[in-house]
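Have a look at the structure below before the remarks.
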Amino acid sequence: MSKKYKAIFFDWDGTAVMSRQAPVEEVVAAMKPLLQQGVKLVIVSGTTYDKIAKGKLHEHFTKEEASNLYLGLGRGAYNYEMVDGKPVVFADCIPDKNGLLTIHDICYQVHRELLEKYNLETDIVFSRPNYCKIDLMVNDERGDQLFMQEDEMSRVKNILSEHGINGGLKQMVSISEEIGERFGTKVSATCDAKYLEVGISCKSDNVNTILSKFESEGIKAEECSYWGDEYVGIEDGLFGSDSFMKTEKTKNGDFYDVSSLEGSRPENVEVLGGGVSTFVNFLIEQGKR
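Going by the numbering used here, the first residue of the sequence shown is number -12, and it counts up by one from there.
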């Protein structure tokens, strides 16, 4: 592609690296020239900083390079910039203890209703800053590749159908939102097949917050690109986690999917396929411009 971007937003697992245990040297080497040129690079991921290059990503860059590196993590919970070469949160969406306990109560009630009404067993991961992960496929493990796997969608649809949940994952989202309302909380519920994630923010909050910061420096939405591997439609009208990078604020940017999964995508998302190598090669080419 001929366009030179001033800011590049990208998912980490499955887009920049194959897994959290994979070496980061290749993507770091591709990032360095861009950071040196003043291009803003933004990692947008559902995970926390300690899971990105084992919490040592900043050590791969000089202070000057790191000054152009940003991270939007935890499904909207944390937004980082680098100060003197080290990560510092400049904006967050973290509830107080009572707010967090309310999220836990909502997710436990989702778990309870799925078991009580549909006899569907789930597990809950509570140890997240402002959301919980509800495991809908408790007998399926992802190993160290934590992004959505190719055959998960059909399996979870079968599981839900077997338990009389005919509305699929959309119904899971609706159940979560309805229970949130009962607790007086507007929840953000997303799903990547295996996990239903229920909290008070999502990747949309990350990209909107960080783009607002860039706009104050003169960078426009159309000068940015957004890369991921989970744009694909999970169900009709319900898309993967990276689709939440496309918002009213960011919509004039360019959106690219490195996944080869079959299915629909949000409007104007270009499917490139090729996985991590496609994204790394893009960074390399951008660095030469």
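From the three backbone atoms N, C-alpha and C, an ideal C-beta is built for every residue, glycine too.
Here the structure is a predicted model, which is why all the values come from computation and not from measurement.
query                                                                                                                                                              : result
Using beta-carbon positions only, say whether glycine 61 and threonine 89 come within less than 9 Å of one another.                                                : no
Helix, strand or coil for glycine 130? Go by DSSP, reduced to three states.                                                                                        : Its pLDDT being 49, under 50, glycine 130 is placed unreliably by the model, and the measurement read from it follows with that caveat. In this structure, glycine 130 counts as coil in the three-state DSSP scheme.
Going by other Cβ atoms of all chains shown within 10 Å of its Cβ, with 16 needed for buried, is glycine 261 buried or exposed?                                    : exposed
Anyone know if the C-beta pair for glycine 215 and valine 31 falls short of 9 Å?                                                                                   : yes
Starting from the Cα of aspartate 179, find the closest Cα among Ile197, Ile166, Gly227, Asp192 and give me that residue.                                          : Gly227
Can you list, in chain order, the stretches of the beta strand (DSSP E) that have 3 or more residues and sit fully within the region 67 to 101?                    : 73 to 79
Count the other CB atoms within 10 Å of the CB of arginine 169; is the residue buried (16 or more) or exposed (fewer)?                                             : exposed
To test your reading of the DSSP string, which unbroken beta strand (DSSP E) runs of 3 or more residues are found completely within the region -3 to 56?           : 27 to 32
Between the C-alpha atoms of lysine 236 and phenylalanine 242, what's the straight-line distance to the nearest angstrom?                                          : 13 Å
For threonine 177, does the three-state DSSP call read helix, strand or coil?                                                                                      : strand
Looking at isoleucine 277: is its Cβ nearer than 9 Å to the Cβ of leucine 21?                                                                                      : With the chain covering -12 to 276 only, the question about residue 277 has no answer from this structure.
My output table needs one value for methionine 135: the three-state DSSP class, helix, strand or coil.                                                             : Its pLDDT being 49, under 50, methionine 135 is placed unreliably by the model, and nothing is read from it.
Take leucine 133 and list the residues in its own chain whose beta-carbon comes closer than 6 Å to its own, dropping the five residues that flank it on each side. : In this predicted model, leucine 133 has a pLDDT of only 46, less than 50, meaning its place in the structure is not dependable enough to derive any value.
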